[in-house]
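S.K.: Just dropping this structure here.
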Amino acid sequence: MSFVALDWGTTALRGALIAEDGRVLDERSAPRGILHLDGASFDEVFEAFTQDWMAVPGSRCLIAGMAGSRQGWVEAPYCACPCGADDIARQVVPVQPGRIDMVPGLVDHQSGVPDVMRGEETQILGAMRLTGLRDGLFVLPGTHNKWARVADGRVTGFRTFMTGEFYALLSQHSILSRTLQADAPLHEAAFLDGVGRARQADSPGLLHLAFGMRALSLFDRLSPAAAASYLSGLLIGEELRAQALEAGTPVVLVGSAALTERYALALDSVGVPAQLLDAQATWAGAYAIWRARQAAG
Numbered sequence: 006m007s008f009v010a011l012d013w014g015t016t017a018l019r020g021a022l023i024a025e026d027g028r029v030l031d032e033r034s035a036p037r038g039i040l041h042l043d044g045a046s047f048d049e050v051f052e053a054f055t056q057d058w059m060a061v062p063g064s065r066c067l068i069a070g071m072a073g074s075r076q077g078w079v080e081a082p083y084c085a086c087p088c089g090a091d092d093i094a095r096q097v098v099p100v101q102p103g104r105i106d107m108v109p110g111l112v113d114h115q116s117g118v119p120d121v122m123r124g125e126e127t128q129i130l131g132a133m134r135l136t137g138l139r140d141g142l143f144v145l146p147g148t149h150n151k152w153a154r155v156a157d158g159r160v161t162g163f164r165t166f167m168t169g170e171f172y173a174l175l176s177q178h179s180i181l182s183r184t185l186q187a188d189a190p191l192h193e194a195a196f197l198d199g200v201g202r203a204r205q206a207d208s209p210g211l212l213h214l215a216f217g218m219r220a221l222s223l224f225d226r227l228s229p230a231a232a233a234s235y236l237s238g239l240l241i242g243e244e245l246r247a248q249a250l251e252a253g254t255p256v257v258l259v260g261s262a263a264l265t266e267r268y269a270l271a272l273d274s275v276g277v278p279a280q281l282l283d284a285q286a287t288w289a290g291a292y293a294i295w296r297a298r299q300a301a302g
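Sequential numbering of the sequence shown, starting at 6, is according to the numbering used here.
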């Protein structure tokens, strides 16, 4: 029997109808994230979005993402690391018992300051299923990037970096916004220059390097078209500098092509190969949780 999987985030709502063997039968999306309900209730948005899929008697739905947050439909408590599909499946929260379930997020307490994710846990499980890997480093670029360690099929820990949000703030609301072309395509040389400068052993730090971008433009050494890529490189390079990377050891990247391409370039520059996956990892992860739920009865 097929089931419905939703990835209900802050700005967007995506869904898939998934067959019993894991095949994606249908997909759809809408700009109806939890902050864009336009006066409607969660229940109303859900019914309108899934009406034909959920019309079949006995239909079930599994929801991951920010819909399970405190600001969402039903808060689903965090599952503590280490955590795998079986652990997550045992802690799903019923929204409508026997019809709709909410996937919990993950929490990592290892650093002394809690780190959390919602939605990415499903993508990581899907990435493991798609790649066949049960150990390794899984990176999910986005507004808040996740670097997750996996061992024996379980997420043992992770760290979040606000790289995407800092890029938006600096490129749109700082003095640097006047020196860059926000919609410029990737300028590979400028991007790698930024990565390299940020990763230098004697780097003066991101705060100084960011201002240096302003100075480079004043002396016509950095064009507006290249400046956006340079800034992106500085931020991603700073992020990489905080990682314990091993040359030759592959990393799995999960996310949009535009972002994973940049991370793959940055990782390649330090001798780390990457395997790239797209949004299909979400549906593969939802299927993994679904299967674990079915197995548990």
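Note that beta-carbon positions come from the ideal geometry of N, C-alpha and C, so glycine has one too.
For alanine 231, does the three-state DSSP call read helix, strand or coil?
M.R.: Alanine 231 falls in the helix class under three-state DSSP.
S.K.: Which runs of the beta strand (DSSP E) fall wholly inside the stretch 102 to 171 and span at least 3 residues, in chain order?
M.R.: If we require 3 residues or more, the beta strand (DSSP E) runs fully inside the stretch 102 to 171 come out as 105 to 107, 111 to 113, 120 to 122, 141 to 145, 150 to 156, 159 to 166.
S.K.: In this structure, what does DSSP give as the bridge partners for phenylalanine 8?
M.R.: According to DSSP, phenylalanine 8 bridges with Ile23.
S.K.: By alpha-carbon positions, which one of Ala81, Ile105, Gln101 ends up nearest to leucine 111?
M.R.: Residue Ala81 is the option with its Cα nearest to leucine 111.
S.K.: Spell out the partners DSSP gives isoleucine 3 in its beta bridges.
M.R.: As displayed, the chain neither begins before 6 nor continues past 302, which places residue 3 out of reach and without an answer.
S.K.: Please check the pair glycine 162 and glutamine 115, which I expect to be a contact at CB under 8 Å, by giving their CB distance rounded to whole angstroms.
M.R.: Contact holds; Cβ gap of about 5 Å.
S.K.: Let's see if you can read the secondary structure: which residues bound the alpha helix (DSSP H) around arginine 95?
M.R.: Run containing arginine 95: 90 to 95, per the alpha helix (DSSP H) assignment.
S.K.: Quick check on DSSP: helix, strand or coil for arginine 226?
M.R.: Three-state result, arginine 226: coil.
S.K.: Just to confirm, is the Cβ distance from valine 155 to arginine 139 under 9 Å?
M.R.: Cβ distance < 9 Å, so valine 155 and arginine 139 count as in contact.
S.K.: What number of angstroms, rounded off, separates the C-alpha of histidine 192 from the C-alpha of alanine 220?
M.R.: So the two alpha carbons sit approximately 19 Å from each other.
S.K.: I think methionine 218 touches alanine 232, with their Cβ atoms under 8 Å apart; what is that distance to the nearest whole Å?
M.R.: Contact flag correct, Cβ pair sits at about 6 Å.
S.K.: So, at 6 Å on beta carbons, what are the nonlocal neighbours of phenylalanine 166 in its own chain, with the 5 sequence-adjacent residues on each side left out?
M.R.: Here the set comprises Asn150, Glu244.
S.K.: Using beta-carbon positions only, say whether isoleucine 294 and leucine 130 come within less than 9 Å of one another.
M.R.: Taking 9 Å as the Cβ cut-off, isoleucine 294 and leucine 130 qualify as a contacting pair.
S.K.: Taking the straight line between their C-alpha atoms, what separation do you get for threonine 127 and alanine 284?
M.R.: Rounded to whole angstroms, threonine 127 to alanine 284 spans 11 Å at the Cα level.
S.K.: Where do the N-terminal and C-terminal ends of the alpha helix (DSSP H) with arginine 204 fall, by residue?
M.R.: Where arginine 204 is concerned, the enclosing alpha helix (DSSP H) stretches over 193 to 204.
S.K.: If you draw a straight line from the alpha carbon of alanine 289 to that of leucine 223, how long is it in whole angstroms?
M.R.: Rounded to the nearest angstrom, the two C-alpha atoms are 48 Å apart.
S.K.: Taking the continuous beta strand (DSSP E) assigned at leucine 185, which residues delimit it?
M.R.: Counting along the chain, leucine 185 falls outside any beta strand (DSSP E), and DSSP gives it neither H nor E.
S.K.: In whole angstroms, what separates the C-alpha of threonine 15 from that of arginine 75?
M.R.: In a straight line, the C-alpha of threonine 15 is about 12 Å away from that of arginine 75.
S.K.: Quick one: Cα of tyrosine 268 to Cα of valine 61, how far?
M.R.: Distance between the alpha carbons of tyrosine 268 and valine 61: 42 Å.
S.K.: In the DSSP assignment, the beta strand (DSSP E) including glutamate 32 goes from what residue to what residue?
M.R.: Element bounds for glutamate 32: 29 to 35.
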